[in-house]
Amino acid sequence: MRRLLELLFPPKSASASIARERLKIVLAHERASRDGPDFLPVLEKELLAVVRRYIEVRPDMIRVSLDKSGETSLLEINVEIDGATVKPDNALTHPPPGSRPGQALRGGSPLSRIAGEGAEHSEAGEGSTSAPIPL
Amino acid sequence: MAKVVVVTSGKGGVGKTTTAAAFAAGLALRGHKTVVIDFDVGLRNLDLVMGCERRVVFDFINVINGDAKLNQALIRDKRNDNLYIFPTSQTRDKEALRRDGVERVLRELDEDFDYVVCDSPAGIEHGAITALYFADSAIIVTNPEVSSVRDSDRIIGILASKSRRAERNQEPVSIQLLLTRYAPERVNKGEMLTVEDVKEILSIPLLGVIPESESVLRASNTGTPVVFDEESPAGRAYVDAVARFLGEQRELRFVKPERKNLFRFIFGKA
């Protein structure tokens, strides 16, 4: 009966359920960063700076989280590079001391592997503007 | 031994001062000697809500600075002998609220009172932190509305990490939720978060639900804590909340829409 009534006269707004879901998501995120160690935001910023030397990423494209389950802690770093572009100039003009930028792009870790794929895309797009990588 | 109760919320305008006044008066009505302190330095308002604004001579900051004695600054309520009001200063120097000074005043109040109710300012700055620092219990005043719930969550986190009990690794501050400005009709239409929603999201025990009520504005207009209005739903809900705070079981009232009543419709709301 109630269903029939709701069908005939749909409730104007069930905005409370939207409020509830939004709050659950935002608070889960805020509590995670609140309970985490103090260095996490700084780490996130520094990692972002390093990644930025090679690819153009916005701050919202990097996520750092620390999960604890039992005795093991897992530091998870996710960089979303869909749509990000490689910065060949910067990667070459400001290489971090003692590192070889070419290797970072062709390396074996998941992060750099994805970065490598992104690189192929933009290299194809930019064509001759990309500088050769000295090895 | 006085129990220190902070009334806090993070967000402004949710009913902290109304609650602090009603709660302190409710405790006094139950026979407990209670003092309510205004921690909102620079924005004194508890005196107005309690109806003693013309009796303020010395204030909290005067006592902290040693310019006045405690008994010169405390104002005895004219309606109830167990109730005292401790107004704050209108100074713009927020740092005047020194933690060591507050501690000294609280220690002095400890001998004479059963309950010290601290009316916190909004925000998470110095005043709000000082108000909650010494608390044994906290009443989190929350409206069923997203920004209020989020700010309450924030202040709950601060209580758990920045209070004196947290710093000293003592038993944590007892934190309870007081949901104010609740409109059962709107909840029924799906337009407002339910009591259960807020309780679940904040995951703290519920002390009470205060319905949105005309009597709250009437109470502040006249400078009478709303518990003194025995006809008012909000006043009765506060009396229930005080009883629960004192360990009694009281069923929730005023959380369902009022039945449409022809008599009420004609003669207006009580």
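Protein sequences appear in the order of chains A and B.
Following our numbering, the numbering of the first sequence begins with 1 at its first residue and continues without gaps.
Following our numbering, the numbering of the second sequence begins with 1001 at its first residue and continues without gaps.
Ideal Cβ positions, reconstructed from N, Cα and C, are used throughout, including at glycine.
1. Taking Cβ positions, are B:A1096 and B:I1064 nearer each other than 9 Å?
2. Express the C-alpha separation of B:R1250 and B:G1051 in angstroms, rounding to a whole number.
3. Could you name each continuous beta strand (DSSP E) segment of 3 residues or more that falls completely within the region 1005-1077 of chain B, going from the start of the chain to the end?
4. Who are the near neighbours of A:I114 in its chain, counting only those whose CB is closer than 8 Å to its CB and skipping five residues on each side?
5. Rounded to whole angstroms, what is the Cα-Cα separation between B:L1206 and A:Y54?
6. Distance check for B:S1215 and B:K1069, CA to CA, integer angstroms please.
7. Relative to the alpha-carbon of B:T1091, which residue among B:I1037, B:I1129 and B:L1043 has its alpha-carbon at the smallest distance?
8. Looking only at C-alpha atoms, which of B:P1184, B:D1040, B:N1080 and B:R1076 sits nearest to B:S1009?
9. Shortest alpha-carbon distance to B:V1004 belongs to which of B:L1029, B:F1023, B:V1057 and B:C1118?
10. Check for me: the beta strand (DSSP E) holding B:V1188 runs from which residue to which?
11. Output, in chain order, the set of chain B residues within a Cβ distance shorter than 9 Å of A:R22.
12. Between the region 41-66 of chain A and chain B, which residues of the former have CB atoms less than 9 Å from a CB of the latter, in chain order?
13. At which residues does the alpha helix (DSSP H) containing B:T1130 begin and terminate?
14. Nearest chain B C-beta to A:A32 closer than 9 Å, yes or no?
15. Return the Cβ separation of A:V51 and A:V57 in integer angstroms, given the expectation that the two are a contact with Cβ distance under 8 Å.
16. If you follow the beta strand (DSSP E) that A:V79 is part of, which residue opens it and which one closes it?
17. Going by CA-CA distance only, name the one from B:Y1084, B:S1089 and B:N1080 that's closest to B:V1058.
18. What number of angstroms, rounded off, separates the C-alpha of B:V1102 from the C-alpha of A:I62?
19. Confirm, please, whether the CB-CB distance from B:R1076 to B:V1242 is below 9 Å.
20. Near B:E1212, what residues of its chain come up, given a Cβ to Cβ distance below 7 Å and the 5 sequence neighbours on each side ignored?
Working from what's here:
1. yes
2. 29 Å
3. 1034-1038
4. Caution is warranted here: a pLDDT of 40 is assigned to A:I114, below 50, making its placement in the model unreliable, and no coordinate value can be reported.
5. 52 Å
6. 36 Å
7. B:L1043
8. B:D1040
9. B:C1118
10. Position check: residue 1188 of chain B holds Asn in this sequence, whereas Val was assumed. Where B:N1188 is concerned, there is no enclosing beta strand (DSSP E), although the alpha helix (DSSP H) it sits in stretches over P1184 to N1188.
11. V1146
12. none
13. H1126 to Y1133
14. no
15. 6 Å
16. T72 to V79
17. Here the sequence assigns Phe to residue 1058 of chain B, which means Val is not the residue at that position. Closest by alpha carbon: B:S1089.
18. 44 Å
19. no
20. R1181, Y1182 and A1183
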